[in-house]
Amino acid sequence: VELHQLDADSNDYDFLLSLLYNMLGNATMRLRDKALRASRLIVTVQYSDYKDNTAQQKFQPLDTEIEMAPILRSVFERVLTRRLRVRKLTLCLRDLSADPQQLDLFSDAGDPEIAAVSDAMDDIRRKFGGHAIRFGRAA
């Protein structure tokens, strides 16, 4: 679970989405560190009047922010339904499963370039901190 309390309430769509992308990067790094994959993404928005709105989506088990970014954007568009400013964002990755020890013969094993980029980003985050490198849409 990633939680971000905004310093000042905001209704800037791009700013809020960039915060969510950063939160997703941190969450997926922890997933990969524990050799886990998530198959449900949940976003909760708390508005300035303290009312919450939640949306979620199920998908095949994934562990990289590159693969989850389009899902995050879709869920965010569904959860942001009011014209009020947002006070707090919560991102939750659920339905966790362990990486399979043996690959399935007929499954799509995923793009090795995505895995390599994710591993490189994780190494940079570990060495220089979470804000040293960000997913392109979060900058």
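To get our numbering, take the position in the sequence shown, counting from 1, and add 9.
For every residue, glycine included, the Cβ atom is placed at its ideal position computed from N, Cα and C.
For Ala129, the enclosing alpha helix (DSSP H) stretches over residues 121–137.
Here the stretch 56–69 does not lie against the stretch 124–134, with fewer than 3 beta-carbon pairs under 8 angstroms apart.
Within the same chain, no Cβ atom closer than 7 angstroms to the Cβ of His140 is found once the five residues on either side in sequence are excluded. Annotation: the continuous alpha helix (DSSP H) that includes Ser27 extends over 22–42.
Under the 8 angstroms Cβ criterion, the stretch 75–85 does not count as touching the stretch 39–46, having fewer than three qualifying pairs.
At the C-beta level, Leu29 and Leu105 stay beyond 9 angstroms of one another. Non-local C-beta neighbours of Pro70 in its own chain, meaning closer than 6 angstroms and more than five positions away in sequence, comprise Arg46, Ser48, Ser106, ordered along the chain. In the structure shown, Ala47 adopts extended strand secondary structure according to DSSP, grouped into three states.
Leu26 is not a Cβ neighbour of Arg96, given a cutoff of 9 angstroms.
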